[in-house]
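Asker: Here you go, one structure.
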Amino acid sequence: MNNLKTITFFQRFLIVLVLVSFSCLTRAQEVDDESEFSYEEDSETGPAHWGEIKPEWWMCRSGSMLSNIDLLNERVEVVEEDSETGPALWGEIKPVWWMCNSGSMQSPIDLLNERVEVVSHLGRLKRNYKPSNATLINRGHDMMLSWEAGAGSIQISGTLYQLKQCHWHSPSEHTLNGRRFDMEIHLVHESMDNRTAVIGIMYKIGRPDSFFSMMEQDLKALVDTRNVERAVGIIDPKLIKLGSRKYYRYIGSLTVPPCTQDISWTILRKVRTVSREQVKLIREAVHDDSDTNARPIQPLNQRPIKLYRPRDNEN
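According to mature numbering (1 follows the signal peptide of the UniProt record, and there is no 0), the stretch in the sequence shown is residues -28 to -1, 1 to 287, in order.
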């Protein structure tokens, strides 16, 4: 009889272990279908309700370290703040999205000067990107450029993160001293132990962005055909210009459900330029009838923000 009880307990333990492992795996990636939530504040599927839409999205509202990462294969729907699927309601759309509403360390944030600690020990960003086949994918609220294996890596705090994809938000999700810019690109990386690091670059209206210009014909084709994805051949991610050695570093979350926590964010200090036509094109290609796909600014909640500035004698 005792043996039977032992077996039953062991079986229950294994079931719980499997469920917990699956839950952690689920939270580690952005959703494939973004049509289940929106960015509209007053919507029932908006950011404030993300954590209520799905059980596995609980981190969007209860996590202690969340951000704007945008990750592997996300697909979203309408993003107006007053939509029933807007950002304020993302945590309510599915129980697994609850973290979108309850997380205490969410992204994006305002990078305010008075909150920043200037440091020189973080070191320069070490990119080792390589040309690789890529595909443009309409995820529902944004356009994602997904690379096949072998697009190279970046080293952050001694850890190598493999480049997986990049995608665009307009306007920018992060702000500098309260100012929101016209566009933001996120380069999403993943380490061998499934940690995520995102590089963010903000853009203001000005000269066209050269990397974006490479994508224009393929984006226009998606606008005309309303297809979901398009193979674009070999793309070299090194052509994405950083423009500055200075950057902000903080710990945040995905900026879309399930709002996974513990994301390493690096935001370049220099704001680059993009043309008005390019910003318009990236929205038209999505076909979601929305003018924006930026999550509202989230409370900092006393998180530290570092600003890396190289020493004068550093090359």
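Yeah, the Cβ is synthetic: ideal placement off N, Cα and C, and Gly gets one too.
Going along the chain, which residues of its own chain have a beta-carbon closer than 7 angstroms to the beta-carbon of Q127, five neighbours each way excluded?
Answerer: Taking the sequence shown and counting its residues from 1, one reaches residue 127 at position 155. These residues qualify, in order along the chain: K98.
Asker: Identify which residue in V68, M186, L159 and L214 has its Cα closest to the Cα of G205.
Answerer: Within the sequence shown, numbered from 1, the residue matching residue 205 stands at position 233. Of V68, M186, L159 and L214, the residue nearest in Cα terms is M186.
Asker: Can you list the beta strand (DSSP E) stretches of 3 or more residues lying completely in the region 141 to 219, in chain order?
Answerer: Taking only runs of at least 3 residues, the beta strand (DSSP E) segments lying wholly in the region 141 to 219 are 155 to 162, 168 to 177 and 201 to 207.
Asker: Can T107 and S118 be called in contact, C-beta distance under 9 angstroms?
Answerer: Stepping through the sequence shown from its first residue, residue 107 is reached at position 135. Stepping through the sequence shown from its first residue, residue 118 is reached at position 146. Yes, Cβ-Cβ distance for T107 and S118 is below 9 angstroms.
Asker: What are the start and end residues of the beta strand (DSSP E) that includes R244?
Answerer: One-based indexing of the sequence shown puts residue 244 at position 272. R244 to V246 is the extent of the beta strand (DSSP E) around R244.
Asker: Among all the DSSP beta bridges, which residues are the ones paired with A61?
Answerer: To locate residue 61, count along the sequence shown from 1; it is residue 89. Checking the sequence, you will find Leu at residue 61 rather than Ala. Answer is none; L61 lacks a bridge partner.
Asker: Cutting at 7 angstroms between CB atoms, please list the residues of its own chain near E201, excluding the five before and the five after it.
Answerer: Here residue 201 refers to the residue found at position 229 when the sequence shown is read from its first residue. Within the same chain, E201 has close Cβ partners T107, L108, I109 and N110.
Asker: How do the region 191 to 199 and the region 215 to 225 stand: do at least 3 beta-carbon pairs fall below 8 angstroms, yes or no?
Answerer: No: fewer than three Cβ pairs fall under 8 angstroms.
Asker: Helix, strand or coil for S76 per DSSP?
Answerer: For the purposes of this step, residue 76 is identified with residue 104 of the sequence shown, where counting begins at 1. Coil, per DSSP.
Asker: What are the start and end residues of the beta strand (DSSP E) that includes E89?
Answerer: As a working mapping, residue 89 is identified with position 117 in the sequence shown. It spans V88 to V91 - the beta strand (DSSP E) in which E89 sits, taken as one unbroken run.
Asker: DSSP on Q137, reduced to helix/strand/coil?
Answerer: As a working note, residue 137 is residue 165 in the sequence shown. Three-state DSSP puts Q137 in a strand.
Asker: Less than 6 angstroms between C-beta atoms, sequence neighbours within five positions excluded: which residues of the same chain meet that for F143?
Answerer: Residue numbering aside, residue 143 sits at position 171 when the sequence shown is read from its first letter. Sequence inspection shows Pro at residue 143; the Phe mentioned does not correspond to that position. The residues are R152, D154 and A266.
Asker: Cβ of H139 within 9 angstroms of Cβ of V160?
Answerer: For this step, residue 139 is matched to residue 167 along the sequence shown. For this step, residue 160 is matched to residue 188 along the sequence shown. Against a cut-off of 9 angstroms, the Cβ pair of V160 and H139 comes out as a contact.
Asker: Along the beta strand (DSSP E) that carries R99, what are the first and last residues, could you check?
Answerer: Mapped onto the sequence shown, residue 99 falls at position 127. Segment K98 to Y101, the beta strand (DSSP E) holding R99.
Asker: Among the residues of its own chain, which have a CB less than 6 angstroms from the CB of N105, if the five just before and after it don't count?
Answerer: For the purposes of this step, residue 105 is taken as residue 133 along the sequence shown, with counting starting at 1. Same-chain partners within the cutoff: E120 and I206.
Asker: Looking at C-alpha atoms only, which residue of A203, S236, K242 and T227 is the closest neighbour of K213?
Answerer: By 1-based counting over the sequence shown, the position of residue 213 is 241. Of the candidates A203, S236, K242 and T227, the one whose C-alpha sits nearest the C-alpha of K213 is K242.
Asker: Going by DSSP in three states, K26 sits in which element: helix, strand or coil?
Answerer: Taking the sequence shown and counting its residues from 1, the one referred to as residue 26 is at position 54. In this structure, K26 counts as strand in the three-state DSSP scheme.
Asker: Quick one: what does DSSP say K252 is sitting in, helix, strand or coil?
Answerer: Indexing the sequence shown from 1 puts residue 252 at position 280. Helix.
Asker: Report the three-state DSSP secondary structure of R281 (helix, strand or coil).
Answerer: As a first step, residue 281 must be located in the sequence shown, where it is residue number 309. In the structure shown, R281 sits in coil (DSSP, three-state: anything other than H, G, I, E or B).
Asker: When you compare only the Cα positions, how much space is there between S15 and E64?
Answerer: Within the sequence shown, residue 15 is the residue found at index 43, counting from 1. Within the sequence shown, residue 64 is the residue found at index 92, counting from 1. Distance between the alpha carbons of S15 and E64 is about 10 angstroms.
Asker: Which residue comes first and which comes last in the beta strand (DSSP E) that contains G122?
Answerer: Counting from one through the sequence shown, the residue named residue 122 turns up at place 150. It is not in any beta strand (DSSP E) - G122 carries neither H nor E in the DSSP assignment.
Asker: Count the other CB atoms within 10 Å of the CB of D190; is the residue buried (16 or more) or exposed (fewer)?
Answerer: Taking the sequence shown and counting its residues from 1, one reaches residue 190 at position 218. By the 10 Å Cβ count, D190 comes out buried.
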